[in-house]
Amino acid sequence: MNISLNKKLKSFITENIRYKVVYGGRGSGKSWNIARMLLLKVASSVEPLRILCTREIQDSIKDSVYKLLKDQIELMELPNFIIQNDIIKHVNGSEFLFKGLYTNLSKIKSFEGVDICWIEEAESISAMSWLILDPTIRKPNSEIWISFNPSSENDIIYQTFILNKPDNAVVIKLNYQDNKYFPEVLREQKDRMRANDPDLYMHIWEGELRKNTNELVFNNKWLIDDFDIPANTHFYFGADWGFANDPNTVIKCFVDSHPSYGSRCLYICDEVCDRPYDDERETSTDISDLPKLWYSMQDIQKFSVICDSARPETIAHMRRAGFKAEAAKKGKSSVEGGIEFIRGFDKIIISPKCKNAIFEFGNYKFKTDKNSGQITNQIIDKYNHCIDALRYALEPLMLQKRKIAFFGVR
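In structure tokens form, the structure reads like this:
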């Protein structure tokens, strides 16, 4: 049986390595080749393999790579595969499972027996999904295969594998030029887009980053990285209260220089949240249990905690519990002013453990006008609990800056 595979992806078969990443534009055959390689790997395996095929959103089996795998089984005339309604099996005991991450975050831990996880359209994977999925795929010698067309420099997959490629990863760029079966009808579409919209062409066909990501409030302002905390650091703490279905959130941060990014960088080093974005509970912590939540954050009793002023009774309760809780001095345009202050840092560096903050920074957006499609200066009131807490935490610095501006620097 003579089965064609792209030679550039040879390492996907020959190398035993944790992460296997292929990225690039349309018509490159990324998914087509991965589907074939996984099917051949299963067909030739003595031991049963468990393959998880996932993406961020999968409302039904139609949204998955199920049909692609089914078609490739038929094209390659592979025997011994059993195609069922929502699963594909092999007589050797192997199986392909299909799940969406967004609706299964609380169930991801059940995937720990997976041998290979294939993340399709990984540019859409949220930081929250990745930070939970990655350590869950922990079976000895398990692998994560990733295919995507880069969208934004802020995307967690782009940051993890393109900007900061780990040693235990093979990363390959594949474009239409690498596909000897590239169809003529797509060539016409490609050439037409290149003539009419060069920027969009570079993204769609050449696998380059999208340039128009201006709807993201913190576009190109932040990144995820580990960092050391200097001795005698002054920390800033902020708290956002939970209302109804909203969580209680506390943020810990500090300001310092960075050798690569500038003299004034904001470091978000810790967070506590009673209902993370992957938590399906419908209620927040009762006020009587809030001190216990706060005690879980190191150093919090040593510094002031600037809190949402909308709950004075809760602030008083936390003061009685021994915390230096203070009400934020909200005013007209305090949200916009706080956001602009945060955007004014040279770079915002977020610790990988701050999963909720990472999720929010990647999803906090300006509103888009429905009629014109233009991005407005209004911010969508969503995915902002950590960001609100951060605004409160930095209020002393903002007030200090205003005083300097008012009185002048002498």
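Quick note: the sequence shown, position 87, residue 87 per UniProt numbering, numbers continuous. Glycine included, C-beta positions come from ideal geometry on N, C-alpha and C. Note that this is a predicted model, so its numbers are computed, not measured.
Let me know if residue i comes out buried or exposed under the rule of 16 or more other beta-carbons within 10 Å of its beta-carbon.
i: residue 270; result: buried
i: residue 123; result: buried
i: residue 133; result: buried
i: residue 84; result: exposed
i: residue 438; result: What the structure shows of the chain is the stretch from 1 to 410, and residue 438 is not part of that stretch, so it cannot be assessed.
i: residue 187; result: exposed
i: residue 259; result: exposed
i: residue 397; result: exposed
i: residue 47; result: exposed
i: residue 217; result: buried
i: residue 75; result: exposed
i: residue 322; result: exposed
i: residue 13; result: exposed
i: residue 362; result: buried
i: residue 257; result: exposed
i: residue 58; result: buried
i: residue 11; result: exposed
i: residue 351; result: buried
i: residue 6; result: buried
Apart from the five residues on each side of it in sequence, which residues of its chain come closer than 8 Å, Cβ to Cβ, to residue i?
i: residue 403; result: Confidence at residue 403 is low in this model, with a pLDDT of 49, below 50, so its placement is unreliable and no value can be given for it.
i: residue 8; result: 172, 174, 178
i: residue 367; result: 375, 376, 378, 379, 380
i: residue 407; result: Per-residue confidence for residue 407 stands at a pLDDT of 37, beneath the threshold of 50, marking its modelled position as unreliable; the derived number appears in the next sentence. The answer is none, since no qualifying residue turns up.
i: residue 201; result: 190, 193, 194
i: residue 265; result: 255, 256, 257, 258, 345, 346, 347, 348, 349
With distances taken from CA atoms, which of the options is nearest residue i?
i: residue 151; options: 389, 23, 300; result: 23
i: residue 326; options: 391, 345, 105, 315; result: 315
i: residue 346; options: 101, 194, 222, 95; result: 222
i: residue 54; options: 66, 273, 393; result: 66
i: residue 30; options: 181, 76, 45; result: 181
i: residue 77; options: 57, 56, 39; result: 39
i: residue 106; options: 248, 312, 136, 120; result: 136
i: residue 104; options: 79, 72, 52, 73; result: 52
i: residue 16; options: 26, 28, 41; result: 41
i: residue 56; options: 49, 64, 353; result: 64
i: residue 305; options: 11, 253, 10; result: 253
i: residue 320; options: 197, 72, 184, 290; result: 290
i: residue 422; options: 91, 11, 20, 28; result: Nothing in the structure corresponds to residue 422, since the chain is present only between 1 and 410.
i: residue 3; options: 21, 93, 371, 72; result: 72
i: residue 21; options: 92, 170, 79; result: 170
i: residue 467; options: 265, 60, 90, 68; result: Residue 467 lies beyond the residue range present for the chain, which begins at 1 and ends at 410; the question has no answer from this structure.
Quick one: measure Cβ to Cβ for residue i and residue j, integer angstroms, because I've assumed they're closer than 8 Å.
i: residue 224; j: residue 358; result: 6 Å
i: residue 394; j: residue 342; result: 7 Å
i: residue 121; j: residue 161; result: So it is not a contact: roughly 15 Å between Cβ atoms.
i: residue 267; j: residue 144; result: In fact, because the Cβ distance is near 28 Å, the residues do not count as touching under 8 Å.
i: residue 94; j: residue 45; result: 6 Å
Can you list, in chain order, the residues of its chain whose CB lies under 6 Å from that of residue i, leaving out five sequence neighbours each side?
i: residue 303; result: 235, 237
i: residue 388; result: 240
i: residue 70; result: 83
i: residue 335; result: none
i: residue 354; result: 268, 271
Give me, in chain order, the residues of the same chain whose beta-carbon lies closer than 7 Å to that of residue i; leave out the 5 immediate sequence neighbours on both sides.
i: residue 309; result: 327, 328, 330
i: residue 261; result: 346, 347
i: residue 25; result: 149, 175, 176, 204, 205, 206, 207
i: residue 247; result: 273, 274, 275, 284, 385
task: Please determine if the stretch 153-165 and the stretch 122-139 are in contact, where contact requires at least 3 C-beta pairs separated by less than 8 Å.
output: The stretch 153-165 vs the stretch 122-139: in contact.
- prompt: Within the chosen definition, does the stretch 165-183 reach the stretch 129-143 through at least 3 CB pairs nearer than 8 Å?
  reply: These segments do not touch.
message: Three or more C-beta pairs under 8 Å: does that hold for the stretch 202-210 against the stretch 229-238?
response: With the cut-off at 8 Å, the stretch 202-210 and the stretch 229-238 do not touch.
query: Using 8 Å as the Cβ pair cut-off and three pairs as the minimum, do the stretch 104-117 and the stretch 67-87 touch?
result: Flag = no, the stretch 104-117 and the stretch 67-87 do not touch.
- prompt: Are there three or more Cβ pairs, one per stretch, closer than 8 Å when the stretch 89-102 is compared with the stretch 26-36?
  reply: Result no; under three Cβ-Cβ pairs closer than 8 Å.
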